[in-house]
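Chemist: Residue numbers (this note's numbering): 420 to 746.
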Amino acid sequence: MLHVFACDGDRLRWAREAEGVRTPLPTEAVWLDLQNPTPEELARAEALMGIKLPTREQMAEIEESSRLRVTPGAIHMTALVLVWADTDQPRIVPVSFVLAGGRLATIHAVDPQPFLAFRRRVTRSGGAELTAEAVLAALLDGVVERTAAVLRRVGLELDTMGSRAFRGRALPVKGERRDDTRTLKRIGHTGHLIGKAHVSLSTLNRLLTFLARGEGWTPAKRTRRWARAALQDVTGLGEYAQFLSGKVSLLLDTTLGRINVEQNEIVKIVSILTVALFPPTLVASVYGMNFVTMPEKNWTFGYPLAVMLMILSAALPMIYFKRRRWL
420 MLHVFACDGD
430 RLRWAREAEG
440 VRTPLPTEAV
450 WLDLQNPTPE
460 ELARAEALMG
470 IKLPTREQMA
480 EIEESSRLRV
490 TPGAIHMTAL
500 VLVWADTDQP
510 RIVPVSFVLA
520 GGRLATIHAV
530 DPQPFLAFRR
540 RVTRSGGAEL
550 TAEAVLAALL
560 DGVVERTAAV
570 LRRVGLELDT
580 MGSRAFRGRA
590 LPVKGERRDD
600 TRTLKRIGHT
610 GHLIGKAHVS
620 LSTLNRLLTF
630 LARGEGWTPA
640 KRTRRWARAA
650 LQDVTGLGEY
660 AQFLSGKVSL
670 LLDTTLGRIN
680 VEQNEIVKIV
690 SILTVALFPP
700 TLVASVYGMN
710 FVTMPEKNWT
720 FGYPLAVMLM
730 ILSAALPMIY
740 FKRRRWL
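#1: Assuming contact is defined by CB atoms lying nearer than 8 Å, are Leu518 and Trp450 in contact in what I supplied?
#2: Measuring only the C-alpha atoms, how far is Asp505 from Pro736?
#3: Which parts of the segment 463-521 are runs of the alpha helix (DSSP H), unbroken and 4 residues or longer, counting only runs that do not cross its ends?
#4: Kindly give me the distance between the Cβ atoms of Val667 and Ile511, rounded to whole angstroms, as I take these residues to be in contact under 8 Å.
#5: Using 10 angstroms around the beta-carbon of Ser544, count the other beta-carbons present and answer buried if the total reaches 16, otherwise exposed.
#6: So, at 7 Å on beta carbons, what are the nonlocal neighbours of Ala646 in its own chain, with the 5 sequence-adjacent residues on each side left out?
#7: State the DSSP-derived secondary structure class of Val529, mapped to helix, strand or coil.
#8: If you reduce the DSSP assignment to three classes, tell me which class Phe697 lands in.
#9: Mapping DSSP to helix, strand and coil, what is Ala524?
#10: Between Ile606 and Leu670, what straight-line distance do the alpha-carbon atoms span, to the nearest angstrom?
#11: Hey, could you find the ends of the alpha helix (DSSP H) Asp747 is sitting in?
#12: Is Arg641 helix, strand or coil by DSSP?
#13: Could you round the C-beta distance between Ala462 and Val423 to whole angstroms and report it? I think they count as a contact, below 8 Å.
#14: Kindly confirm or deny that the segment 568-581 and the segment 601-616 touch, where touching means at least three C-beta pairs closer than 8 Å.
#15: Considering only residues of the same chain and omitting the five flanking positions on each side of Lys604, which have a CB-CB separation below 6 Å?
#16: Within the same chain, show all residues whose beta-carbon is closer than 7 Å to that of Cys426, passing over the 5 residues directly before and after it, in chain order.
#17: Who does Arg430 pair with in a DSSP beta bridge?
#18: Just mark Met496 as buried or exposed, buried being the case when its beta carbon has 16 or more other beta carbons within 10 Å.
#19: DSSP state of Leu535, grouped into three classes?
#20: Would you decide whether Ile730 is buried or exposed? Buried here means 16 or more other CB atoms lie within 10 Å of its CB.
#21: With respect to the alpha helix (DSSP H) encompassing Leu724, which residues constitute its N-terminal and C-terminal limits?
#22: What distance in whole Å lies between the Cβ atoms of Ala528 and Arg475, which are believed to be in contact at a cut-off of 8 Å?
#23: Under the rule that 16 or more other beta-carbon atoms within 10 Å means buried, what is Ser515, buried or exposed?
#24: Output yes or no for whether 8 Å exceeds the beta carbon distance between Met420 and Pro473.
#25: Rounded to a whole number of angstroms, what is the C-alpha to C-alpha distance between Asn624 and Arg743?
#26: Quick check on this structure: which residue in Pro531, Asp507, Gly492, Trp503 has the alpha carbon closest to the alpha carbon of Leu453?
#27: What does the alpha-carbon distance come out to for the pair Gly375 and Tyr659?
#28: Among His608, Met708, Ser621, whose alpha-carbon lies nearest the alpha-carbon of Asp507?
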């Protein structure tokens with residue numbers, strides 16, 4: 420899908436095409452947004468930009484020289500952007516930004532939410548961003564704000580899980596239901612999401628450093644000032660993501676430790692009950708033997724004595740365990 424945004428006076432507008440009609444792209448186009456483009460759409464964008472746009476294989480490369488490079492007449496930048504953060508399967512997808520001839524081209528297979536929000540805003544009310552570098556700044560600001568919102572939500576969720584993990588007894592009280600499997604899944608999903616966000620912030624950090632330095636090309640002063648300010652935000656978010664990773668590790672250790680304590684408590688109770696019930700079982704076994712000659716067999720108080728012995732043999736160990744605080 421190809422979205423074209425062109426300069427219309429002092430506003431940025433969406434250059435709508437009639438359905439089924441492929442007219443030449445307007446020369447006043449400022450931003451070309453290619454979402455999972457077809458070969459025809461890619462060719463039309465390359466014809467207007469005057470350069471070859473990166474392919475999916477080139478966007479997937481992880482070398483720094485491949486992600487951030489300056490070619491004659493063009494600047495190629497690729498960052499990993501967090502998408503689907505509100506689902507059970509968050510992903511980071513490569514998004515390429517190409518500046519050439521006063522135009523910006525963005526290529527991505529999955530539509531990040533900041534891109535969708537920016538297109539909707541421009542389509543409905545127009546946009547004041549009239550230069551390619553200004554559009555680039557607005558898009559990257561949206562990506563950074565979206566990542567910050569995700570980390571803020573994750574931080575609140577970790578605080579809630581932490582407050583539950585660090586209070587109360589090891590074993591659940593009466594009426595309390597605790598699903599440790601679900602808790603572990605939530606912790607794992609949260610850690611996975613933080614890891615994706617941290618990788619995205621790392622690539623954004625390198626991209627903004629590249630823009631702030633302006634090595635090999637000459638960005639506008641406004642762009643360099645914005646890049647330096649945005650770089651500080653991304654650096655702070657990266658440190659916050661590391662802090663959240665530490666909280667995830669602590670919460671995971673706490674949850675696993677609590678599960679281990681619960682299992683030990685259960686094993687201890689079962690062991691104590693086994694030991695406490697052994698003496699009465701022995702007494703019952705002795706007096707349950709089918710011998711003809713037994714001293715207490717024909718005794719009037721034989722049965723009450725046997726019951727009393729079983730009760731005492733069970734009660735005395737329990738009293739001992741209670742005094743030793745094993746129960």
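From the three backbone atoms N, C-alpha and C, an ideal C-beta is built for every residue, glycine too. Since we're looking at a predicted model, the values are computed, not measured.
Modeler: Taking the geometry as given:
#1: Your numbering for residue 518 matches position 99 in the sequence shown. Your numbering for residue 450 matches position 31 in the sequence shown. No.
#2: The residue you call residue 505 lines up with position 86 of the sequence shown. The residue you call residue 736 lines up with position 317 of the sequence shown. One C-alpha to the other measures close to 56 Å.
#3: 475-478, 483-486
#4: If you number the sequence shown from 1, residue 667 lands on position 248. If you number the sequence shown from 1, residue 511 lands on position 92. Not a contact, Cβ separation roughly 18 Å.
#5: Stepping through the sequence shown from its first residue, residue 544 is reached at position 125. It is exposed - the Cβ of Ser544 has fewer than 16 other Cβ atoms within 10 Å.
#6: For this step, residue 646 is matched to residue 227 along the sequence shown. Within the same chain, Ala646 has close Cβ partners Leu627, Leu630, Ala631.
#7: By 1-based counting over the sequence shown, the position of residue 529 is 110. Coil.
#8: On the sequence shown, residue 697 is found 278 positions in, with the first residue counted as 1. Under the three-state reduction of DSSP, Phe697 is assigned to helix.
#9: Counted from its first residue, the sequence shown places residue 524 at position 105. Residue state, collapsed to three classes: strand.
#10: Taking the first residue of the sequence shown as 1, we reach residue 606 at position 187. Taking the first residue of the sequence shown as 1, we reach residue 670 at position 251. Whole-angstrom Cα-Cα distance: 8 Å.
#11: The question about residue 747 has no answer, for the chain in this structure spans 420 to 746.
#12: As a working mapping, residue 641 is identified with position 222 in the sequence shown. DSSP places Arg641 in the helix class (H, G or I) of the three-state scheme.
#13: Residue 462 sits at position 43 when you count from the first residue of the sequence shown. Residue 423 sits at position 4 when you count from the first residue of the sequence shown. Between Val423 and Ala462 the Cβ distance is about 14 Å, and since that is not below 8 Å, they are no contact.
#14: yes
#15: Locating residue 604 in the sequence shown gives position 185, where the first residue counts as 1. Once the five neighbours on either side are set aside, Lys604 has no close Cβ partner at all.
#16: Position 7 of the sequence shown holds residue 426. Cβ neighbours of Cys426 beyond the five flanking positions: Glu447, Val449, Leu549.
#17: Stepping through the sequence shown from its first residue, residue 430 is reached at position 11. For Arg430, which the question treats as bridged, DSSP gives the partners Asp427.
#18: The residue you call residue 496 lines up with position 77 of the sequence shown. Burial call: buried.
#19: Here the question's residue 535 lines up with position 116 in the sequence shown. Three-state result, Leu535: helix.
#20: On the sequence shown, position 311 is the one that residue 730 refers to. So Ile730 ends up on the exposed side.
#21: Here the question's residue 724 lines up with position 305 in the sequence shown. Where Leu724 is concerned, the enclosing alpha helix (DSSP H) stretches over 721-742.
#22: Taking the sequence shown and counting its residues from 1, the one referred to as residue 475 is at position 56. Taking the sequence shown and counting its residues from 1, the one referred to as residue 528 is at position 109. Confirmed, Cβ separation roughly 7 Å.
#23: Numbered from 1 along the sequence shown, position 96 holds the residue referred to as residue 515. Buried is the call here.
#24: As a working mapping, residue 420 is identified with position 1 in the sequence shown. As a working mapping, residue 473 is identified with position 54 in the sequence shown. Not a contact, by the Cβ cut-off of 8 Å.
#25: In the sequence shown, residue 624 corresponds to position 205, counting from 1. In the sequence shown, residue 743 corresponds to position 324, counting from 1. Roughly 60 Å separates the two Cα atoms.
#26: Along the sequence shown, read from residue 1 onward, the residue named residue 453 stands at position 34. When only C-alpha atoms are compared, the closest one is Pro531.
#27: What the structure shows of the chain is the stretch from 420 to 746, and residue 375 is not part of that stretch, so it cannot be assessed.
#28: Counted from its first residue, the sequence shown places residue 507 at position 88. Among His608, Met708, Ser621, the Cα nearest to that of Asp507 is on His608.
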